[in-house]
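*Asks:* Numbering (full-length UniProt numbering), first residue to last: 1 to 209.
1) Between which residues of its own chain and residue 139 is the CB-CB distance below 8 angstroms, once the five residues before and five after are set aside?
2) Using the Cα positions of residue 165 and residue 154, report the straight-line distance between them to the nearest angstrom.
3) Alpha carbon to alpha carbon, how far is residue 116 from residue 130?
4) For residue 189, which residues in the same chain have their Cβ closer than 6 angstroms to its Cβ, ignoring the five residues on either side in sequence?
5) Any idea if residue 24 is buried or exposed, counting beta-carbon neighbours within 10 angstroms, 16 or more meaning buried?
6) Mapping DSSP to helix, strand and coil, what is residue 103?
7) Does the beta carbon of residue 197 come closer than 9 angstroms to any beta carbon on chain D?
8) Taking all protein chains shown into account, decide if residue 15 is buried (16 or more other Cβ within 10 angstroms of its Cβ) or exposed.
9) Which one of 163, 157, 5 has the shortest CA to CA distance from residue 75?
10) Give the DSSP-derived three-state secondary structure of residue 9 in the structure shown.
11) Could you say which of 11, 170, 22, 12 lies nearest to residue 191 if we only look at CA atoms?
12) In the DSSP assignment, find the alpha helix (DSSP H) that holds residue 123 and state where it starts and stops.
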């Protein structure tokens with residue numbers, strides 16, 4: 001039984017790192033922190049709504065960017081076109097979700113909301129809930145990734161008039177990707193520290209006999 005648990009945890013971590021871009025674990029930590037602070041439920045929900053509002057703007061912008069670049073590059077390479085179309089569709093799906101959640105959660109009382117995000121709740125699996133709530137963020141990030149990869153393919157495959165122009169286009173993107181990698185690394189370190197603090201808080205709050 002311990003082996004199965006370890007395998008499932010490993011698969012979840014792998015899925016979280018590669019597909020969810022660490023957002024699943026991040027939202028699980030958020031839920032744990034939220035459940036520890038029952039007196040500020042309204043503040044937490046307000047901050048979550050503001051985040052969804054920002055995501056709605058970002059997703060709409062990504063959808064517009066993908067549509068715009070397709071309209072100004074009618075003869076783009078097949079791979080770039082596919083990536084831009086995929087990113088546009090993904091960001092549109094994110095727009096649906098980010099507008100669906102606020103309406104669905106509007107009538108949920110604060111005391112019920114706390115029970116929902118706790119690991120021992122009987123409403124829904126907390127890990128599944130974290131992945132669902134994080135999905136607009138994940139879709140935003142993946143839409144941006146698809147847009148960038150499509151742009152790189154376009155730069156490489158379309159003649160720009162010389163190697164120097166290709167490098168001029170690729171170098172800023174390369175620097176940006178280095179910054180993204182550094183950001184993911186820093187986010188991972190911070191996430192581990194937050195989890196450690198929450199583990200300590202759980203131990204302090206748990207009754208001792």
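C-beta: ideal position from N, C-alpha, C; glycine also.
*Replies:* Reading off the structure:
1) Position 139 of the chain shown, counted from the first residue, corresponds to residue 139. Same-chain partners within the cutoff: 59, 90, 91, 93, 94, 97.
2) Within the chain shown, the letter at position 165 stands for residue 165. Within the chain shown, the letter at position 154 stands for residue 154. Using only the alpha carbons, I get a separation of about 13 angstroms.
3) On the chain shown, position 116 is the one that residue 116 refers to. On the chain shown, position 130 is the one that residue 130 refers to. Taking the straight line joining both Cα atoms gives about 11 angstroms.
4) Taking the chain shown and counting its residues from 1, one reaches residue 189 at position 189. Within the same chain, residue 189 has no close Cβ partners at all.
5) Position 24 of the chain shown holds residue 24. Buried, because 16 or more other Cβ atoms sit within 10 Å of the Cβ of residue 24.
6) On the chain shown, residue 103 is found 103 positions in, with the first residue counted as 1. Helix.
7) In the displayed structure, chain D is absent; only one protein chain is listed.
8) Here residue 15 corresponds to residue number 15 of the chain shown, with the count starting at 1. Under this definition residue 15 is an exposed residue.
9) Working through the chain shown from its first residue, we reach residue 75 at position 75. Among 163, 157, 5, the Cα nearest to that of residue 75 belongs to 157.
10) If you number the chain shown from 1, residue 9 lands on position 9. Reduced to three states, the DSSP call for residue 9 is helix.
11) Indexing the chain shown from 1 puts residue 191 at position 191. When only C-alpha atoms are compared, the closest one is 22.
12) Your numbering for residue 123 matches position 123 in the chain shown. Run containing residue 123: none; DSSP gives neither H nor E here.
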